[in-house]
Amino acid sequence: MKLFLAKEEGKKSEAKETRMDFEKSSVSIKDDTEMADDDTAQNPESSRKLSSDSDSSDSEDEAEQTQQLRALESDLSTNPSNYDAHILYIKLLRRRGEIEKLREARENMNVLFPLTPAMWVEWAKDEASLLNDSDSESVEKLYERGISEYLSIPLWREYLNYVLQHDPKVCDSSVDGISKARNLFERAVTAAALHVAQGSQIWDAYTQFEQSILLTIDQSDIQAKENQVQRIRSIFHRQLSIPFANMKSTLLSYKAWEVEQGNSLDAESDNVDGISSHVASSYRKAEEMYNARAHLEEHITRQGISESERYQHFMSYLDFEKSFGDPARVQSLYERAITDFPVSSDLWLDYTRYLDKTLKAGNIVKDVYSRATRKCPWVGELWVRYLLCLEHGLASEKEISAAFEKSVQCTFSTLEEYLDLFLTRVDGLRRRLSSARGDDVLNYSLIRESFQQATDYLSPHLKNTDGLLRLHAYWACLELKLNNNLTAARGVWGSLLKTCGSMLEAWQGFIAMEIALGHINEARAIYKRCYSKRFSGTGSEDICHAWLRFEREFGTLDDLDHAVQKVMPRLEELQLFRLEQESKSLTEVTNQRERPLKKTASEKRKLGSIAIDEQSPAKRQKSTQNQKKLHEKENTRGLKLAEANDGEEKKGKVEEQVNEQLVKDTYSSKTRLYTDQCTAFASNLNIRAIDEDLKQFFSDVGGVTAIRILHDKFTGKSRVSLSVSLSEFVYADMHVPS
Numbered sequence: 003m004k005l006f007l008a009k010e011e012g013k014k015s016e017a018k019e020t021r022m023d024f025e026k027s028s029v030s031i032k033d034d035t036e037m038a039d040d041d042t043a044q045n046p047e048s049s050r051k052l053s054s055d056s057d058s059s060d061s062e063d064e065a066e067q068t069q070q071l072r073a074l075e076s077d078l079s080t081n082p083s084n085y086d087a088h089i090l091y092i093k094l095l096r097r098r099g100e101i102e103k104l105r106e107a108r109e110n111m112n113v114l115f116p117l118t119p120a121m122w123v124e125w126a127k128d129e130a131s132l133l134n135d136s137d138s139e140s141v142e143k144l145y146e147r148g149i150s151e152y153l154s155i156p157l158w159r160e161y162l163n164y165v166l167q168h169d170p171k172v173c174d175s176s177v178d179g180i181s182k183a184r185n186l187f188e189r190a191v192t193a194a195a196l197h198v199a200q201g202s203q204i205w206d207a208y209t210q211f212e213q214s215i216l217l218t219i220d221q222s223d224i225q226a227k228e229n230q231v232q233r234i235r236s237i238f239h240r241q242l243s244i245p246f247a248n249m250k251s252t253l254l255s256y257k258a259w260e261v262e263q264g265n266s267l268d269a270e271s272d273n274v275d276g277i278s279s280h281v282a283s284s285y286r287k288a289e290e291m292y293n294a295r296a297h298l299e300e301h302i303t304r305q306g307i308s309e310s311e312r313y314q315h316f317m318s319y320l321d322f323e324k325s326f327g328d329p330a331r332v333q334s335l336y337e338r339a340i341t342d343f344p345v346s347s348d349l350w351l352d353y354t355r356y357l358d359k360t361l362k363a364g365n366i367v368k369d370v371y372s373r374a375t376r377k378c379p380w381v382g383e384l385w386v387r388y389l390l391c392l393e394h395g396l397a398s399e400k401e402i403s404a405a406f407e408k409s410v411q412c413t414f415s416t417l418e419e420y421l422d423l424f425l426t427r428v429d430g431l432r433r434r435l436s437s438a439r440g441d442d443v444l445n446y447s448l449i450r451e452s453f454q455q456a457t458d459y460l461s462p463h464l465k466n467t468d469g470l471l472r473l474h475a476y477w478a479c480l481e482l483k484l485n486n487n488l489t490a491a492r493g494v495w496g497s498l499l500k501t502c503g504s505m506l507e508a509w510q511g512f513i514a515m516e517i518a519l520g521h522i523n524e525a526r527a528i529y530k531r532c533y534s535k536r537f538s539g540t541g542s543e544d545i546c547h548a549w550l551r552f553e554r555e556f557g558t559l560d561d562l563d564h565a566v567q568k569v570m571p572r573l574e575e576l577q578l579f580r581l582e583q584e585s586k587s588l589t590e591v592t593n594q595r596e597r598p599l600k601k602t603a604s605e606k607r608k609l610g611s612i613a614i615d616e617q618s619p620a621k622r623q624k625s626t627q628n629q630k631k632l633h634e635k636e637n638t639r640g641l642k643l644a645e646a647n648d649g650e651e652k653k654g655k656v657e658e659q660v661n662e663q664l665v666k667d668t669y670s671s672k673t674r675l676y677t678d679q680c681t682a683f684a685s686n687l688n689i690r691a692i693d694e695d696l697k698q699f700f701s702d703v704g705g706v707t708a709i710r711i712l713h714d715k716f717t718g719k720s721r722v723s724l725s726v727s728l729s730e731f732v733y734a735d736m737h738v739p740s
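Residue numbers (this note's numbering): 3 to 740.
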């Protein structure tokens, strides 16, 4: 034992350096003070100035830290789920050396979040630096809490080193101390035995410990020495049968140790020549297993890859191990993955599903579920399966109730998760109500309280949903079957109808219960209450037809006649309502089809007005003058030929009257699209324009009923103008293509 401690002297000195974090600060301050005293003796004026600057700087730093502490405390009081704030708060308290607040901060964080293995080591070392070796038990409890959350080889090594260096009984190599150390080593190798990358570190430490015990045995006690040699040899053999990354170095160490014991072996060779056949066979098998996993180990331990890539490599590795069907190896790999991804809900769900499938129940599965719900408390499925796991393990009502109360305090992403949680709780109470044992006798009041708690929480959020209906239907069923209380069952349906009175399924469920119990009059009374209510879809018609079927099957002729008298007017009313709704829908469809036509005409009016507005003043003035001259010219020609045109004017008037009558007849039609009537005139037409050109040009204008090109009365040629009969006013700049 003393030799082992001597070998660990370097580690001890390192531990002493790390365990005195708080003392270092005081030592550093003391050294700085001594140096300052020397400077003061040599240069009093300069030292006074430096001292003043240092004091001012320290006071400013302290004030800044105090302000930062208050800000973090305020932040955590309002938002205790702020992970980063917890980390900063702990670091700042540790820097300031505020021990009591630091302990409280760590405990508060551990309630909400898992501490990393490094944080557990830091916490344990801080506590160890403040305690004597005789008070090592409190530090060991911290290490125990850490290893219960993670499979961390560095954490296990720190724990083992602390016990070997600070436990008085272990240091004195007493029988109790050696037994305690061996038990701890056995726990460590059991936890780390299948850790391919780092597990051999625990085995090496175990071997060194037993070798130090061998050196303390009296040479004259041959039997004790032989027993200890066999113990060490057994540890070597166990280690050589497990696939590790450095198996060859372990083999060389074993052969060198056998040579020290007087056996003839080639200690320089890494082959298995000279060792027993069963050990050699186990070694070869382990070596083959490692070679098959070496590339997978390289993937998950590779540096410089993203977290998502590492996660996928773990999943591939897990699929590989599952294909071999060794639950111990699969579980060990899951624990390694959890250490790297402690808050991955998908990983925890996959892990717990695997355990439920392979181990079913037991303390191992319960422990995993306990850790999973602490790491990912926002996943409702984990809590549901945790409750089922506790029930499988025959946990007490006190333990199950405590887990359930914790779960309802969590925040889930969907209301369905809360509903599933409440139903799972009720399911468990129902199953255990008849099989309760001893002091764990259950009362139906627990079921009623759970249902009431569920409805109080979910009713405002699940109104008119199938989930709330399922909850109340289940409640009413249990009131009848387990509590034999018809009044309570009817009360459950009544409370549901107050919240979900417009839900057809709620009324149907209430009626079905009464019919199943043979209470025909009560079912008829419910039909009378709900047949006139308005339900979604065809629910209103469905409830009327259901009442008629009910009276045919269970009622008298008078009951059927009464139902018909009530239902038929209601059905006619509903049919009329449906027709009105269909008519409105058809009108809306028609309006939607016409709306694009109106929009096109409106856009043309806007484009025409914009084109006119965009003309320059000079161009606009010139156009006006040209139109004025043209008008005067036409008037002069009309005066000169007045007499000759009398006959033609009468003919033109007759044509205009005919056209006006045609427009009136057109707009008096029942299929009129628009109510406005007008005739638009356009000029500056191309002299070669014909009717077909104009019809094609105005084809996209809504409401055009007739197009006429105006001709000269004497020559018969086009007057480069036209009239367009419209069913609405269309103000647009109409240009006919050449």
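Glycine residues also receive a C-beta, built at the ideal position from the N, C-alpha and C atoms.
| Item | Value |
| --- | --- |
| Exposure label - Glu-139; buried when at least 16 CB within 10 Å | exposed |
| Exposure of Ile-545, with buried meaning 16 or more beta-carbon neighbours within 10 Å | buried |
| CB contact flag (Leu-460, Leu-421, <9 Å) | yes |
| Three-pair Cβ contact test at 8 Å for the stretch 227-243 versus the stretch 195-215 | yes |
| Test item: CB-CB of Arg-450 and Glu-481 under 9 Å | yes |
| Every unbroken alpha helix (DSSP H) inside the stretch 163-188 [4 residues or more] | 170-173 |
| Sub-9 Å separation of Leu-392 and Ser-409 beta-carbons | no |
| Coarse secondary structure for Lys-127, derived from DSSP in three states | helix |
| N-terminal and C-terminal residue of the alpha helix (DSSP H) that Gly-148 is part of | 138-151 |
| Nearest-angstrom Cα separation, counted from Phe-246 out to Gln-333 | 17 Å |
| Cβ neighbour criterion (16 or more within 10 Å) applied to Tyr-285 | buried |
| Span separating the alpha-carbon of Gln-67 from that of Ala-73 | 10 Å |
| Rounded separation between Asn-445 and Asp-458 - CA only | 21 Å |
| Burial state of Tyr-529 (16 or more Cβ within 10 Å) | buried |
| Option nearest His-315 by Cα separation, candidates Gln-263, Leu-90, His-301 | His-301 |
| Spatially closest choice to Ile-402 from His-521, Gly-541, Tyr-388, by CA coordinates | Tyr-388 |
| Per-residue DSSP class, three states only, for Ala-247 | coil |
| Where Lys-586 falls: helix, strand or coil (DSSP) | helix |
| Cα-Cα separation, Gln-196 to Arg-331 | The sequence given here has Leu at residue 196, not Gln. So the two alpha carbons sit approximately 6 Å from each other. |
| Assigned exposure category for Gly-148 - 16 Cβ within 10 Å defines buried | buried |
| Per-residue DSSP class, three states only, for Ala-107 | helix |
| Neighbourhood of Ile-155 by C-beta, 8 Å cutoff - its chain only, sequence neighbours within 5 removed | Ala-194, His-197, Gln-200, Gly-201, Gln-203, Ile-204 |
| Residue nearest to Ile-234 in terms of C-alpha spacing, selected from Glu-212, Leu-217, Glu-188 | Glu-212 |
| Same chain, Cβ closer than 6 Å to Leu-267, neighbours up to 5 away in sequence not counted | Lys-257, Glu-260, Val-261, Gly-276 |
| Member of Arg-96, Leu-473, Asn-110, Met-111 whose CA lies at the smallest distance from the CA of Ser-131 | Arg-96 |
| Limits of the unbroken alpha helix (DSSP H) element including Trp-385 | 382-394 |
| Chain-order list of residues whose beta-carbon lies under 8 Å from that of Leu-357 (same chain, five-residue window excluded) | Gln-333, Ile-366, Val-367, Val-370 |
| Close-in-space but distant-in-sequence residues of the same chain around Lys-362 (CB under 8 Å, 5 per side omitted) | His-394 |
| Range of the contiguous alpha helix (DSSP H) that encloses Gly-430 | 417-435 |
| Nearest-angstrom beta carbon gap, Ala-126 and Leu-144 [assumed within contact, 8 Å] | 4 Å |
| Cβ contact (3+ pairs, closer than 8 Å) linking the stretch 182-192 and the stretch 318-332 | no |
| Cα-Cα separation, Thr-626 to Leu-712 | At Thr-626 the pLDDT is 49, less than 50, meaning the model places this residue with poor confidence; the figure from the coordinates comes in the next sentence. Those two C-alpha atoms are separated by around 22 Å. |
| Where Ser-214 falls, given that 16 or more other Cβ within 10 Å makes a residue buried | buried |
| Inter-residue spacing [alpha-carbon to alpha-carbon] between Tyr-91 and Arg-105 | 11 Å |
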